[in-house]
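*Asks:* Before anything else, here's the structure in question.
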Amino acid sequence: RVFMNLVSNAVKYTPAGGSVTVRAWGENDQIKVEVSDTGIGIPEEALPRIFNEFYRAKNAKAMEMEGTGLGLAIAKDVVEQHGGQISVKSVEGKGSTFYVTLPRG
Numbered sequence: 195r196v197f198m199n200l201v202s203n204a205v206k207y208t209p210a211g212g213s214v215t216v217r218a219w220g221e222n223d224q225i226k227v228e229v230s231d232t233g234i235g236i237p238e239e240a241l242p243r244i245f246n247e248f249y250r251a252k253n254a255k256a257m258e259m260e261g262t263g264l265g266l267a268i269a270k271d272v273v274e275q276h277g278g279q280i281s282v283k284s285v286e287g288k289g290s291t292f293y294v295t296l297p298r299g
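As numbered in our numbering, residues 195 to 299 make up the sequence shown, in order.
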């Protein structure tokens with residue numbers, strides 16, 4: 195569910211001709227996954243709230259894309275319930291990368 199949400203968002207907010215990349219690897223006692231896109235990005239002022247329930251960044255709203263603002267909040271909750279962490283780096287107009295780290299086993 196977590197990765198489906200991240201990939202679905204990446205595809206939804208990346209215009210035609212852009213790219214979405216998923217990488218996964220093991221490192222020590224952790225599994226790491228990155229979902230990167232060349233989409234619309236997230237405004238800097240939105241980054242601290244992006245995992246809050248019902249929050250949608252202004253540029254996502256402006257695109258008139260459907261969404262409830264729950265997907266990333268649920269993803270964060272699920273990752274944390276499994277002892278992991280989720281974070282994001284983004285530049286508005288250039289794209290986003292979401293990072294998920296989970297314990298092995």
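Glycine included, C-beta positions come from ideal geometry on N, C-alpha and C.
#1: What's the gap between the Cα of Arg217 and the Cα of Val282?
#2: Straight-line CA distance for Lys206 to Gln279?
#3: So, Asp231 versus Ala204, is the Cβ gap smaller than 8 Å?
#4: Give me whichever residues DSSP pairs with Glu228 in a beta bridge.
#5: Lys283 bridges to which residues according to DSSP?
#6: Would you call Gly299 buried or exposed, if buried means 16 or more other Cβ atoms sit within 10 Å of its Cβ?
*Replies:* Quick look at the numbers:
#1: Going by the C-alpha atoms only, they are around 14 Å apart.
#2: Taking the straight line joining both Cα atoms gives about 23 Å.
#3: Asp231 is a Cβ neighbour of Ala204, given a cutoff of 8 Å.
#4: In the DSSP assignment, the residues bridged to Glu228 are Arg217 and Tyr293.
#5: Paired residues: Thr291.
#6: Classification of Gly299: exposed, given that the 10 Å Cβ count is below 16.
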